[in-house]
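As structure tokens, this is what we get:
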């Protein structure tokens, strides 16, 4: 072969190898490449897509995984029919949709749910109907205090307390101001956790609750700074956290106060948006692994999104949560005789999940069978803004949330984690 042609062939080969490496084949089901053709298994989900914010990334990722599963044998030959409904951030609509999916469509499980309103609206209905929810993203307190509702994420309070624990242990903080949204069972719940921990550990703490839609960022920041805290911990979405940080930098407070946040501000765009003034000075808690982690399951999540999701589907924490919920559902259903899958058998299979491992989680996920509530994901990491990116700065650490005492006691008695 002439040298030029040989070089061209080698170059083409290396290009193909690198392309394959960047988009490794997604692994799902039996990896047979044979589509499932049996009777569909109905799985439902409720998400808040239209409204103040779009929470549907969890269900988009769950759908991508189920599509991958269906293309690779499904559940022992049976495909998953995944029905996703939008509650429009309206509790009445959420209740109507739950009745539709559970009573009319005869869903055997709910998987990937991510909504601000549906936990409170539907928790009792799910229990009465004998259906379990493997939720993607729980936000309000109700999502973590229901017998039949088990999110894969840690939640805003556990995440905020994870950040607070890091501030105490690694940053030697002795005083804090907690800033949260003035939303019952969200901001109050999270900041109440900080106040309770302060009482237990003996550090100074104050709470500021703000209206995310109308509050003046500068006045909130000046109010917080007036307490002269060592750290300020935020419990806001990135859309509210970034203006607060901008206001703080304008006042020079990034030079004197360290800022931390719950996972709600962990978004790949944030470090570049807030700029170099926050390098090493703004920390976030992470409910899951680094979004760019090179670990096998995180890479499989990205491969599933590339091959079975839409290009426009975000590759974010919510999507990690939905992917994990779908994988847990698959693991449970694969233990069953495919001819006998119904709501009762599916629920029983989920209740037996005690040691679901993924490198996206810090610790194995489990369903607390017989427990009044669920918060299996309560061990988290921390990252800091550095050079326009997030830099992971901690190993996995259990959240010091005092409200987790019952969860820790159950884990100890059951030999979990």
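In UniProt numbering, the protein residues as written are 1 to 417.
Using N, Cα and C, we set each Cβ at its ideal position, and we do this for glycine too.
Output the boundary residues of the beta strand (DSSP E) element that contains residue i.
| i | result |
| --- | --- |
| residue 84 | 80-86 |
| residue 420 | With the chain covering 1 to 417 only, the question about residue 420 has no answer from this structure. |
| residue 291 | No beta strand (DSSP E) contains residue 291, which DSSP labels as neither H nor E. |
| residue 366 | Taken as a continuous stretch (DSSP letters only), residue 366 belongs to no beta strand (DSSP E), as it is neither H nor E. |
| residue 261 | 258-261 |
| residue 231 | 231-234 |
| residue 150 | 149-151 |
If contacts are defined as beta-carbon pairs under 8 Å, then residue i and residue j qualify, I think. What distance do you get, rounded to the angstrom?
| i | j | result |
| --- | --- | --- |
| residue 286 | residue 381 | 4 Å |
| residue 236 | residue 183 | Incorrect: roughly 11 Å between the Cβ atoms, too far for contact. |
| residue 163 | residue 262 | 6 Å |
| residue 260 | residue 291 | Not quite, the Cβ-Cβ distance comes to about 19 Å (not below 8 Å), so this is no contact. |
| residue 273 | residue 242 | 6 Å |
Pull the bridge partners of residue i from the DSSP assignment, please.
| i | result |
| --- | --- |
| residue 204 | 175 |
| residue 386 | 389 |
| residue 114 | 47, 137 |
| residue 380 | 397 |
| residue 284 | 261, 383 |
| residue 180 | 209 |
| residue 109 | 43 |
| residue 356 | 365 |
| residue 75 | 78 |
How many angstroms separate the CA atom of residue i from the CA atom of residue j?
| i | j | result |
| --- | --- | --- |
| residue 130 | residue 96 | 17 Å |
| residue 73 | residue 189 | 43 Å |
| residue 170 | residue 149 | 34 Å |
| residue 294 | residue 303 | 12 Å |
| residue 417 | residue 368 | 12 Å |
| residue 346 | residue 340 | 9 Å |
| residue 160 | residue 137 | 15 Å |
| residue 143 | residue 394 | 27 Å |
| residue 375 | residue 331 | 19 Å |
| residue 390 | residue 411 | 31 Å |
Relative to the C-alpha of residue i, which candidate in the options has its C-alpha closest?
| i | options | result |
| --- | --- | --- |
| residue 55 | 204, 75, 139, 325 | 139 |
| residue 358 | 324, 306, 86 | 324 |
| residue 240 | 289, 228, 181, 173 | 181 |
| residue 109 | 45, 322, 162 | 45 |
| residue 187 | 164, 204, 212, 356 | 212 |
| residue 25 | 305, 342, 364, 350 | 305 |
| residue 314 | 57, 81, 51, 360 | 57 |
| residue 298 | 344, 248, 362 | 362 |
| residue 117 | 66, 50, 410, 176 | 50 |
| residue 224 | 175, 185, 265, 197 | 175 |
| residue 387 | 281, 27, 92 | 281 |
Starting from residue i, trace the alpha helix (DSSP H) both ways and give me its first and last residue.
| i | result |
| --- | --- |
| residue 240 | 238-250 |
| residue 305 | 296-308 |
| residue 143 | No alpha helix (DSSP H) holds residue 143; DSSP gives it neither H nor E. |
| residue 315 | Premise fails: residue 315 is in no alpha helix (DSSP H) and is neither H nor E. |
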